[in-house]
Each structure stands twice: as C-alpha cells, then as structure tokens.
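Asker: As numbered in numbering that gives the first Met the number 0, residues 0 to 348 make up the sequence shown, in order. Each residue gets a CB set at the ideal place from its N, CA and C atoms; glycine is no exception.
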Amino acid sequence: MKDRTQVRLKRLAVHRVGNKSKDEGVVASKELVDLRDEQLYDLLVNYFLSPFKQEEFFRFTHTSDVALNEMFAYSALIFAEPHNFQQYSVHILNHLYEQSDHPKVKSGELYVVHFEGCVMEDEVVEAIGIFKSENKDTFLTFQDEEDDLNVNYHFGVNLKGVDKGCMIFNTQAEDGFRVKLVDVNGNDAVFWKEDFLNVTELQDTNYNTKTVLNLCKDFSEEVYARTESKKAQVDFISRSVDYFSKSETFDLEEFTSSVIDEPETKERFMHYSQTFAEERDIEGFNDFAINKNTVRNMKRKFRNFIKLDTQIEIKFSGYNPEQSEQYVERGFDQERGMHFYKVYFYNES
0 MKDRTQVRLK
10 RLAVHRVGNK
20 SKDEGVVASK
30 ELVDLRDEQL
40 YDLLVNYFLS
50 PFKQEEFFRF
60 THTSDVALNE
70 MFAYSALIFA
80 EPHNFQQYSV
90 HILNHLYEQS
100 DHPKVKSGEL
110 YVVHFEGCVM
120 EDEVVEAIGI
130 FKSENKDTFL
140 TFQDEEDDLN
150 VNYHFGVNLK
160 GVDKGCMIFN
170 TQAEDGFRVK
180 LVDVNGNDAV
190 FWKEDFLNVT
200 ELQDTNYNTK
210 TVLNLCKDFS
220 EEVYARTESK
230 KAQVDFISRS
240 VDYFSKSETF
250 DLEEFTSSVI
260 DEPETKERFM
270 HYSQTFAEER
280 DIEGFNDFAI
290 NKNTVRNMKR
300 KFRNFIKLDT
310 QIEIKFSGYN
320 PEQSEQYVER
330 GFDQERGMHF
340 YKVYFYNES
C-alpha cells in the first residue's frame, strides 16, 4: 500500500491450517492476539502491508451470485459485525482448510486481520487482511550470561514477506469489494486465488494498459520475430512503449497508425488485437486512460536488444524509437554471405 500512515491494526486472530488431503486438521485459537506491545504491533503492520506494491485490483466473483462466494460473505459479516470477528475468522479458517486438499498445499499459520484507516483514492475505508505463512527459517539467538555469550537457534517466520495474502477493502461491495493479492508460490496459485478466494482481476486502467502492452509483446514475438528482422521487432516495441509513455489515453486506430507503417502489417495487427480481446472477453479495449505506473512496471518485460549468432548483442538504452530507426542499419554482405548491422555514433564513452 502506498499510504500507510493512517492504517491501524484493530484485531488479529492467528490459527494453524493443515493439508486436508493429509488429514492434518486445524488449530483454532480461542483469543485474539494482544496488540498492546508497540514493537510487536509495528512489526506486524509492516509484515502484513509491505508486500502490496502491485497495481492490480481484484474482486470477488461467483458463477451465479457474488453473495454466494464464501469469502465475500464472511468479509461482509466482519465489516457489519466487527464484535464477532473471532467467530468469523474461524469460519475463514475452516473454509481455507476445505480448499487445502491438494498434496502440494503446505500447512502453516493463518492470520486474519481487521484494519482501519486504509486509503483508497480519496476514501478512507476498513479492510480485512488474510495472510498465510508456510515457510520457516532458522534464526540464531545470542544471550549474555556471566560475561559470556551463548548461541542458540530457533525456527520461525521470516518477517521479510508473507507467503500468501490478500487485502479486502470495504468499498464497491455491490461489485464484489476491491481486493489485492500476493502469492510468492506460483505452483499453487490457483488454490489461493481461485479455490479459496474466487476472485477475478478488475478491468480497470491498470488491467487495460497491461493487457495491451502484453498484446504488443505477443505480436512482436509471434509476427515480427518470425516474418521480419529482429530490428523490426525492436522498432515495433520501442514505438509501442514510446506511445504509452507519452500518451494519456489509448486509441486502437491511432496507436496502430503511430507505430506501424506497412498497411499489410497494420491490418494484421488490427485482426490480431480483435482476436486477442475476444478470446479474453476484454471490454473497453479500444479506448481507455493509460496507467503510467503500469507502463513503468511493464517496461522490463520487453526485449530491447538484438542477439546475434556470432555471440554479439546490440543493446538499446531505453525505448527510444530513434535509436534503432536513425542510428542502426541492417544489410546483407554478398561477398561474405552474411547479414550485418551498421551503427552510427558521434563519440565513444
């Protein structure tokens, strides 16, 4: 979360959940955690909130009615009846256990948290945090005893980051609330996101921006890289990223005219983008506001270098279309029977 200054941790229940396929069972705590220790309080707040740096928002969903989604229902009950927090946290524990029936799902501690003071745009709302720690680390401990130093060890949870987590914000309830996710173990991501929470990504500015940039990446790899030169692929990616960096809104026709010169390739891209949107059931694909944070985060996924079979790489600094268009030429040497690149520059550094 970007603004954590107002966030207050109000209630915390800690339980243990096992793997159902191994009959490991659950351990439900009877009392809430005492949060009066300031150092423990600060450590927990940082542990719970620090992982949520991504732009993606999700919402609860269900095939017939979102009210039938168990986690949506329990969240709504906690927001309406915070005095019954402990009781509802046990319901969440049991629901998680029912979904933990895959052999790869690890046992661990479940934290159910009630927050206040979470900033969502211009609104301050409550939130429910659900976190699971699965991996244990070994820690050395040192103790002074009669002018000597004893060394010991213990197993515990590393506070650098949670293994799985979500934040459920008390806003847009009629649309399944607003939810953020974190899951460091991609092997069982389906279990946490789909089986336990049953959420779908919100089709907002972040989603649309990320989706179209992924479309450009796929098109460059499936079309340009196979039918054109690697330079043409880099040119297309550079122009695409440049358009998203400089424009405030995305318009499909304007984008296509800006980044592609060849009429045949333009037509191919329009058809490709239409199929891409239909397969993913994407709405608002042709016109949306560009999320600049998403553009910055996505840049690292794009290939901006040319790798040659002579163990030489030509790397472009950033995504400036002029670099490859004005200062790099591609040709073919008949004498050697080899392709070549000619690079122009003023000074070496």
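Below 8 Å on the Cβ atoms is my guess for Val-112 versus Phe-47; work out the distance and round it to an integer in Å.
Answerer: That pair is a contact at about 6 Å.
Asker: When DSSP labels each residue in this structure, what does Asp-280 get in the three-state scheme?
Answerer: It is coil, neither helix nor strand.
Asker: According to DSSP, simplified to helix, strand and coil, what is Ile-311?
Answerer: Coil.
Asker: Can you pull the DSSP bridge partners for Gly-107?
Answerer: Partner(s): Val-16.
Asker: Here's the rule: buried if 16 or more other CB atoms are within 10 angstroms of the residue's CB, otherwise exposed. What is Leu-204?
Answerer: The sequence shown places Thr at residue 204, rather than the Leu named in the question. Counting Cβ neighbours within 10 Å, Thr-204 comes out buried, since at least 16 surround it.
Asker: Name the two residues that bound the continuous beta strand (DSSP E) containing Tyr-96.
Answerer: Looking at the DSSP string, Tyr-96 is not in any beta strand (DSSP E); the run it does join, the alpha helix (DSSP H), is 84-98.
Asker: Count the C-beta pairs between the segment 12-21 and the segment 238-258 that are closer than 8 Å, then say yes if the count reaches three, no if not.
Answerer: The segment 12-21 is not in contact with the segment 238-258.
Asker: Taking Cβ to Cβ, would you say Leu-328 is nearer than 7 Å to Lys-341?
Answerer: Correcting the residue identity first, residue 328 is Glu in this sequence and not Leu. Yes, these two residues count as a Cβ contact at 7 Å.
Asker: Threshold first: 3 residues or longer. Then list the beta strand (DSSP E) segments lying entirely within the segment 226-258, N to C.
Answerer: Correct list: 248-250.
Asker: Considering Ser-219, what are the terminal residues of the beta strand (DSSP E) in which it resides?
Answerer: Counting along the chain, Ser-219 falls outside any beta strand (DSSP E), and DSSP gives it neither H nor E.
Asker: With a threshold of 6 Å on Cβ separation, who are the neighbours of Asn-285 within its own chain once the five nearest residues in sequence on each side are excluded?
Answerer: These residues qualify, in order along the chain: Leu-251.
Asker: Could you check what DSSP says for His-338 in three-state terms: helix, strand or coil?
Answerer: Strand.
Asker: With three or more C-beta pairs closer than 8 Å as the rule, is the segment 173-182 touching the segment 222-240?
Answerer: Not touching, per the Cβ criterion.
Asker: Would you mind stating whether Met-70 and Leu-196 have Cβ atoms separated by less than 7 Å?
Answerer: A contact, by the Cβ cut-off of 7 Å.
Asker: Just how far apart, CA to CA, sit Arg-299 and Asn-149?
Answerer: Spanning the two alpha carbons is a distance of roughly 47 Å.
Asker: Could you tell me whether the Cβ atoms of Tyr-73 and Tyr-87 are closer together than 7 Å?
Answerer: Yes, Cβ-Cβ distance for Tyr-73 and Tyr-87 is below 7 Å.
Asker: Excluding sequence positions up to five away, which residues of its chain have a Cβ less than 6 Å from the Cβ of Arg-10?
Answerer: Closer than 6 Å at the Cβ level, and outside the excluded window around Arg-10, lie Leu-31, Phe-84, His-113.
Asker: Restricting to Cα atoms, I'd like to know which of Asn-290, Ser-49, Glu-282, Val-6 is closest to Lys-163.
Answerer: Minimum Cα distance to Lys-163 is reached at Ser-49.
Asker: Evaluate contact between the segment 97-106 and the segment 206-217, counting only Cβ atoms and requiring at least three cross-stretch pairs below 8 Å.
Answerer: With the cut-off at 8 Å, the segment 97-106 and the segment 206-217 do not touch.
Asker: Bridge partners of Asn-151, per DSSP?
Answerer: Its beta-bridge partners are Thr-140.
Asker: Are the beta-carbon atoms of Phe-141 and Gly-155 separated by less than 7 Å?
Answerer: Their beta carbons are not under 7 Å apart, which means Phe-141 does not touch Gly-155 by this criterion.
Asker: Taking 7 Å as the cut-off, decide whether the C-beta atoms of Ala-126 and Phe-168 are in contact.
Answerer: In contact: Ala-126 and Phe-168 (Cβ atoms closer than 7 Å).
Asker: Over the uninterrupted alpha helix (DSSP H) stretch that includes Ser-74, give me the two end residues.
Answerer: 69-79 is the span of the alpha helix (DSSP H), which, as asked, contains Ser-74.
Asker: Determine the direct distance from the alpha carbon of Asn-93 to that of Gly-24, and round the result to whole angstroms.
Answerer: Each residue's alpha carbon lies about 9 Å from the other.
Asker: Which residue comes first and which comes last in the alpha helix (DSSP H) that contains Arg-295?
Answerer: That run of the alpha helix (DSSP H) goes 291-297.
Asker: Val-198 and Val-178 look like a contact to me (Cβ under 8 Å); what is the Cβ gap, rounded to whole Å?
Answerer: Contact flag correct, Cβ pair sits at about 5 Å.
Asker: Output the distance between the C-alpha atoms of Lys-291 and Ser-239, rounded to the nearest integer angstrom.
Answerer: Rounded to whole angstroms, Lys-291 to Ser-239 spans 14 Å at the Cα level.
Asker: Take Thr-248 and list the residues in its own chain whose beta-carbon comes closer than 8 Å to its own, dropping the five residues that flank it on each side.
Answerer: Correct list, in chain order: Asp-286, Phe-287, Ala-288, Ile-289.
Asker: Quick check on Ser-272: buried or exposed, where buried means 16 or more other Cβ atoms within 10 Å of its Cβ?
Answerer: When all chains shown are included, Ser-272 counts as buried.
Asker: Report yes if the C-beta distance between Glu-200 and Glu-55 is below 7 Å; otherwise report no.
Answerer: Yes; because the gap between Cβ atoms is below 7 Å, this pair is in contact.
Asker: List the endpoints of the continuous beta strand (DSSP E) containing Val-124.
Answerer: It spans 122-132 - the beta strand (DSSP E) in which Val-124 sits, taken as one unbroken run.
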